[in-house]
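Structure, as structure tokens:
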Amino acid sequence: MSTQRVVIITGTSKGLGAALAQQVLDADTTLFSIARGTNPSLAATAAERGAIVHSLQADLSSAEGTRQAQEWLQHALPRTAQQYWLINNAGTVEPIAQANQLNDAQAIQHALQLNVGSAIALCATLLAATDANPHAERRILNISSGAGRRSVAGWGVYGATKAALDFYTQTMAMENHPRLRCVSLAPGVIDSPMQSVIRQQHADDFPDVQRFLNLHAEQQLSSPDETAANILRHMGSDAFGSTLLDDIRRYL
Ligand SMILES: NC(=O)c1ccc[n+]([C@@H]2O[C@H](COP(=O)([O-])OP(=O)(O)OC[C@H]3O[C@@H](n4cnc5c(N)ncnc54)[C@H](OP(=O)(O)O)[C@@H]3O)[C@@H](O)[C@H]2O)c1
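Each residue of the sequence shown is one higher than the one before, counting from 28 in my numbering.
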């Protein structure tokens, strides 16, 4: 029997992406998982639940790694499923510095490619692979951030990439792509490895660091599992797509 739902998730080796990948696995689902690192627990969970998982190790911060992921998907995606979900989750918060110190052009380029360029390219791959399937319902979720909607000192690059992802999602939504719903979603503050990176910053680079240390000390962060469950519930609901620039905290 052919698979009913195809799900592509980036950044599945840890944090929010790992939780999304674990939870989406069921007997009707074929998961395509992409990260630089591996996540062996996905194969074990897939075997337990009768799901199929295909994994690719690729660096989406480079054009070459992104192309590798696109070619892999073009070749391997089943063409006759009823639902196709793409979750562009992989992201980096670095480089973190104020404007006069944001001088590492390569780090800036990597962040732009990972947070924006790879997401745009994978959207194109999904749309092209499914355009000819008249029954395919397509849902694209771009994981954004509140940082793209209000400025945070030290997050000039991060905020710019997430604002760009928001803008791109709005553009895709106004184009004529049949059976497509898309959303750019802020996931809230999640207790993931990215938050440890944030807490390790120097206040010169990131003046808000104490606020994030306090949030952690006061256990105000949501867990990746809890956030993933809320996101997947919303992504499967009829409301998905009605608010293009959304925030998962509206659905708790
Ligand atoms: N954590 C928060 O509080 C928070 C708040 C707002 C928005 N977000 C957004 O939520 C998403 C997930 O964040 P997270 O907190 O789970 O981050 P995380 O803990 O740093 O995990 C990031 C994931 O992205 C993958 N990744 C990083 N660089 C990559 C690359 N060059 N190529 C391919 N994959 C790469 C990582 O895997 P590898 O290292 O193995 O490649 C990992 O699986 C991000 O888009 C982030 O901006 C997070």
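Every residue gets a Cβ at the ideal spot worked out from N, C-alpha and C, and that includes glycine.
Computed from a predicted model, the values in this text were never measured in an experiment.
Residue environment, residue i, which counts as buried when at least 16 other CB atoms sit within 10 Å
i      : result
Met28  : With a pLDDT of only 47 at Met28, under 50, the local geometry of the prediction cannot be trusted, and no value is derived from it.
Gln97  : buried
Val80  : buried
Ser264 : exposed
Val34  : buried
Asp193 : buried
Gln197 : exposed
Ala73  : buried
Thr188 : buried
Pro251 : buried
Asp218 : buried
His162 : exposed
Thr107 : exposed
Gly64  : exposed
His229 : exposed
Val224 : exposed
Asn66  : buried
His137 : buried
DSSP three-state assignment for residue i, whether helix, strand or coil
i      : result
Ile217 : strand
His137 : helix
Phe59  : strand
His81  : strand
Ser249 : strand
Leu3   : The chain is shown only over 28 to 279; residue 3 falls outside these bounds and no answer can be derived.
Asn66  : coil
Met28  : The predicted model places Met28 with a pLDDT of 47, which falls under 50 and marks its position as unreliable; any figure quoted below should be read in that light. Residue state, collapsed to three classes: coil.
Ala96  : helix
Ala124 : strand
Asn142 : helix
Gln227 : coil
Thr254 : helix
Leu104 : coil
Thr72  : helix
Ala132 : helix
Leu259 : helix
Ala90  : helix
Start-to-end residues for the beta strand (DSSP E) that takes in residue i
i      : result
Thr37  : Arg32 to Thr37
Gln110 : Gln110 to Asn115
Leu43  : Leu43 -> not in any beta strand (DSSP E); alpha helix (DSSP H) instead, spanning Gly42 to Val51.
Leu272 : Leu272 to Asp274
Extent of the continuous alpha helix (DSSP H) run through residue i
i     : result
Ala54 : No alpha helix (DSSP H) contains Ala54, which DSSP labels as neither H nor E.
Point to revise | beta strand (DSSP E) segments (min. 3 residues) lying fully within the region 149-220 | key: Those beta strand (DSSP E) runs which fall completely within the region 149-220 and span 3+ residues are 164-170 and 207-213.
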